[in-house]
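Protein chains in written order, with the numbering used here: chain A, 1 to 251; chain B, 1001 to 1189.
Okay, so here's the structure we're looking at.
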C-alpha cells in the first residue's frame, strides 16, 4: 500500500503505517535488541508519567488529596475493586502485577495519541508479550493452586455425558486462543485507529475534501480517546477473568 | 504485496535501514510484522514493565494503600466521635428535661403546700372570726333579750303604776294586787 501511494504524479501520499516504524534514537543503523529506539523513548515517557502521577503526585500523603493524588487514588481504587469483584478476595495479592499491566497499556495508549508520537501498544510484539505473559502466568498459577484438578476447567460436569468430550475439546481450543485474541485485540484496535487517522490526514491534501477530512480526524480522535481507555480496561478485566479461572476453576 | 516490494527493494541494498524500510524511509508491509524489530521491542518492554512494577510495588501502591486506609480510619473515627457527641447531646437533653420536670414538680409542690398553708391559715382565721362573731352575737342576743326583758318589765311597771295612778285619779280604790294581775294579763295578751 505504501509503495503504491508513492507513485509520482499523484498529489495524494498515504503512508499510514510509517508511524509504526521502529527507528534508532541516535544515528542510523540496524536495530539491535539493545538499541535505544523510539520504542525505548515512548516506554520511558510512560514510566515517567506513571512516576509523576503515582510517586511525585502522592508524596504529600494527604488525607484530603490534591488533584494529582486523587487521580492516582481513583486509578488504584478502580483496579483494586475490579480485581476484588472479578476474582474474589484471594486475587488481591496479584494487584501490583495487574496494576502494572493496566498502567503500561493506559499510558502507552494515551501517549500514543499525542501528535508525532510512537504508539508502543500498537505493536503485536509488545501486546503478545503481555498477552502470553498473562496466559503462562495464569496457567502456572492454576496448576500450582489446584494441581491436576485445574483441568476440571475443561470438563463440564453439568453437561450431558456424551457432549462432555466435545465441549472439552472446544474449551481447550478456546483456552489456547485466549492469549492470541487477548493481544491482537489490543494491538489491532490501537493500530487501526491510528492508521485510519493517517488516511484521513492524507485526504486533507485535496482542498475540496479537507474540511470533511479534518472533521473526520477530530471525530476519530475523540473515538480513539475512548478506545485508548476501553482497550486498557478490557485487557485488564480479561486478565482478571483468566485469573479467576485459575483460582477457582469450577464453573 | 509485501513480499513483492521486499524483493524489489532488496536489490537496492537497504541493509543499513533494515529489511522493513524502503529507500524513501517508508514502511514495507506492516511494521508490526517486521522480525528485525521484535527483539528490541520485547527487550525494552520487559525493562519497562520491571521498572513500572518495582515503582508501583515498592513505592506507589503501599503509599496509596496507606493513605486510603488512613483516610478510612479518620472517617471512621470522626463518625464515631460524632456519634459519641450525639449521644452526649441526647444525654444532656434528657438531663435537662429531667431537671425541668423535677423543677416543675417542685414548683407545683411548693404551690400546693403554700396553698394548703394559706388555706389552713384562712380556715383558722375564718373559724376564729366565726367563733368571735357567734360569741359576740350570742352576747348581743343576751343583751338584747336582757334589754327586752328589762323593757317589758319596765312597761309592766309603768303600766301598773299608770293604772294605779289612773284608778286613784278616777277616784277608785283598788287593791294593788288585782290591778297588778289585771295589768300583767293585759300586757302579756
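Cβ coordinates follow ideal geometry from the N, Cα and C atoms, glycine included.
Here the structure is a predicted model, which is why all the values come from computation and not from measurement.
Legend entry - Pairwise C-alpha distance: residue 1093 of chain B and residue 1087 of chain B: 10 Å
Legend entry - residue 228 of chain A vs residue 112 of chain A beta-carbon contact at 9 Å: Yes.
Legend entry - Range of the contiguous alpha helix (DSSP H) that encloses residue 1181 of chain B: 1176-1188
Inset, instruction - Consider the Cβ of residue 1082 of chain B: report whether some Cβ of chain A lies at a distance smaller than 9 Å. - result: no
Legend entry - Inter-residue spacing [alpha-carbon to alpha-carbon] between residue 1041 of chain B and residue 159 of chain A: Cα to Cα, the separation comes out at about 44 Å.
Legend entry - Selection from A:247, A:60, A:101, A:180 that minimises the alpha carbon distance to residue 140 of chain A: A:247
Inset, instruction - Under 8 Å by Cβ, that's how I've got residue 108 of chain A and residue 121 of chain A pegged, so tell me the actual separation to the nearest angstrom. - result: 4 Å
Legend entry - Test item: CB-CB of residue 68 of chain A and residue 77 of chain A under 9 Å: no
Inset, instruction - Express the C-alpha separation of residue 95 of chain A and residue 1077 of chain B in angstroms, rounding to a whole number. - result: 28 Å
Legend entry - Within-9 Å CB hit, residue 1020 of chain B to chain A: yes
Legend entry - Chain-order list of residues whose beta-carbon lies under 6 Å from that of residue 1024 of chain B (same chain, five-residue window excluded): none
Inset, instruction - Evaluate residue 1012 of chain B with the Cβ neighbour count: other Cβ atoms within 10 Å of its Cβ, from every protein chain shown; 16 or more gives buried, anything less gives exposed. - result: Because the pLDDT at residue 1012 of chain B is just 43, under 50, the model does not fix this residue reliably, and the value given afterwards should be weighed accordingly. Under this definition residue 1012 of chain B is an exposed residue.
Inset, instruction - Measuring only between beta-carbons, confirm whether residue 1012 of chain B sits less than 9 Å from chain A. - result: Because the pLDDT of residue 1012 of chain B is 43, which lies under 50, any placement of that residue in the model is unreliable, and the number read from its coordinates should be weighed accordingly. Answer no: the Cβ-Cβ gap between residue 1012 of chain B and chain A never drops below 9 Å.
Inset, instruction - Please say whether residue 1056 of chain B and residue 43 of chain A have beta carbons closer to each other than 9 Å? - result: no
Inset, instruction - Give me the Cβ distance between residue 231 of chain A and residue 105 of chain A, rounded to the nearest whole Å; I'm assuming they're in contact under 8 Å. - result: Between residue 105 of chain A and residue 231 of chain A the Cβ distance is about 7 Å, and since that is below 8 Å, they are a contact.
Legend entry - For residue 1120 of chain B, three-class secondary structure by DSSP: helix
Inset, instruction - Counting only the same chain and skipping the five closest in sequence on each side, list residues whose C-beta sits under 6 Å from that of residue 1006 of chain B. - result: With a pLDDT of 43 at residue 1006 of chain B, under the threshold of 50, the modelled position of that residue is not reliable, and no figure is offered here.
Inset, instruction - Measure the Cβ-Cβ separation of residue 150 of chain A and residue 168 of chain A and say whether it is below 9 Å. - result: no
Inset, instruction - Measure the CB-CB distance between residue 17 of chain A and residue 195 of chain A and report whether it falls below 9 Å. - result: yes
Inset, instruction - Check whether the Cβ of residue 78 of chain A lies closer than 9 Å to any Cβ atom in chain B. - result: Judged by the 9 Å Cβ criterion, residue 78 of chain A is not in contact with chain B.
Legend entry - residue 101 of chain A and residue 235 of chain A closer than 9 Å at C-beta: yes
Inset, instruction - Within its chain, find whatever has a CB closer than 6 Å to the CB of residue 142 of chain A; leave out the 5 residues flanking it on each side and keep chain order. - result: Sequence-distant Cβ neighbours of residue 142 of chain A in its own chain, meaning closer than 6 Å and more than five residues away, are 150, 246.
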